[in-house]
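S.K.: I'd like to ask some things about the structure below.
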Amino acid sequence: MVLTEWRYTFPLLEEAGLETWAVDVLGWGFSDLERLPSCDVASKRDHLYRLWKSYIRRPIILIGPSLGAAIAIDFAVNHPEAVEKLVLIDASVYTEDTGNLAKLPRAVAYAGVYLLRSTPLRLYGNLLAFNGLPLNTNIDWMNVGRLHCLYPWWKDATVNFMNSGGYNVSAQIKKVKQKTLIIWGEDDQIISNKLAVRLHCELPDAVIRQIPGCGHLPHVEKPNSAAKLILDFVGEDSNKEAQSVSQV
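Written out as structure tokens, the structure reads:
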């Protein structure tokens, strides 16, 4: 969902000859939001569609890790003409929107968002997300992972998203028409592997591949393994015309 997540896998896909786009999701990346737009689900979808329509203009292979998988499913169902295939990485797609968070008073919501970007909570999240990394590496990756949270508009954009209700795509999963690759870190401590199996069963046309010794973010922790799975998936259609790969 943020450009920095793709710092290891993106170059591998480009080196393999794929036209690759890494997209900041509206409100969660490094794009200038001094004039804060709405950052709800529909706005995020429209932002991605406008980018696709303006610059890419042909069906893409859309990759979504974690909550990015919900973004990818929502986009593929609403704009099937734009998506040829999906790659979902340790997908967070069974969370039912932001729940009671949408009803919080704004002052409480802002306090929660401030905590969300705090160093202790981010470091704890990293310890859960990655499998047995040295502490110094965890600290480095935590610092990189929270850079976008330091922008002055990040808090406003995040509270706006929370108050809007967030993503709830569980009912859309069976509507996905595109062939889908599910990648899952075998040691994911954030989202149960049982949900990977459930997702595989509910998607009409999907394959699932696990990466051993890997946590919640394979494209960060095991970029070579993640890139190989993506390239093999793309290579199934190597006789077709050149394809674009976009990551959210």
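The numbering of the sequence shown is our numbering, which starts it at 155 and goes up by one. Every residue, glycine too, gets a C-beta built ideally from N, C-alpha and C. None of the values given here were measured: they were computed from a predicted structure.
#1: Could you tell me the distance, in whole angstroms, from the CA atom of S379 to the CA atom of Y162?
#2: In this structure, does DSSP put I214 in helix, strand or coil?
#3: Got a sec, what are the start and stop residues for the alpha helix (DSSP H) K333 sits in?
#4: Go ahead and pull the three-state DSSP assignment for N393.
#5: Between which two residues does the beta strand (DSSP E) harbouring I225 extend?
#6: Tell me the DSSP secondary structure of A196 in three-state form.
#7: If contact is defined by three or more beta carbon pairs under 8 angstroms, each pair taking one atom from either stretch, is the stretch 193-204 in contact with the stretch 305-322?
#8: Between the stretch 361-372 and the stretch 259-278, do three or more beta carbon pairs fall short of 8 angstroms?
#9: How far does the alpha helix (DSSP H) with A265 in it extend, from its first residue to its last?
#10: Looking at the strands, I want to know which residues DSSP matches up with Q401.
#11: Where does L242 sit, in a helix, a strand or coil, going by DSSP?
#12: For V141, which residues of its own chain have a beta-carbon under 7 angstroms away from its beta-carbon, when the five flanking residues on both sides are left out?
#13: I need the DSSP call for R161, collapsed to helix, strand or coil.
#14: According to DSSP, what are the bridge partners of R363?
#15: Quick one, which of P259, V374, K376, I336 has its alpha-carbon nearest I215's?
#16: Can you list, in chain order, the residues of its chain whose CB lies under 7 angstroms from that of G369, leaving out five sequence neighbours each side?
#17: Closest to V241 by C-alpha separation, out of G279, A311, G222, D310, would be which residue?
#18: Ignore the nearest five residues each way along the sequence and tell me which others in A360's own chain have a CB closer than 7 angstroms to its CB.
#19: Out of L166, T158, L157, state which residue places its alpha-carbon closest to the alpha-carbon of P377.
#20: With a threshold of 16 other CB atoms inside 10 Å of the CB of V351, please say whether the residue is buried or exposed.
#21: So, for A236: in the same chain, excluding its five sequence neighbours on each side, which residues have a beta-carbon less than 6 angstroms away from its beta-carbon?
#22: Smallest Cα separation from K328: which of I345, N322, Y305, L357?
M.R.: Quick look at the numbers:
#1: 11 angstroms
#2: strand
#3: Taken as a continuous stretch (DSSP letters only), K333 belongs to no alpha helix (DSSP H), being part of the beta strand (DSSP E) at 333-339.
#4: With a pLDDT of 45 at N393, under the threshold of 50, the predicted position of this residue should be treated as unreliable, though the coordinate-derived value follows. In the structure shown, N393 sits in coil (DSSP, three-state: anything other than H, G, I, E or B).
#5: Looking at the DSSP string, I225 is not in any beta strand (DSSP E); the run it does join, the alpha helix (DSSP H), is 221-232.
#6: helix
#7: yes
#8: no
#9: 260-270
#10: A176, I217
#11: strand
#12: The question about residue 141 has no answer here: the residues shown for the chain are numbered 155 through 402.
#13: coil
#14: I337
#15: I336
#16: A283, F284, N285, G339, D341, D342, Q343, E375
#17: G222
#18: T334, I336, H354
#19: L166
#20: exposed
#21: W206
#22: L357
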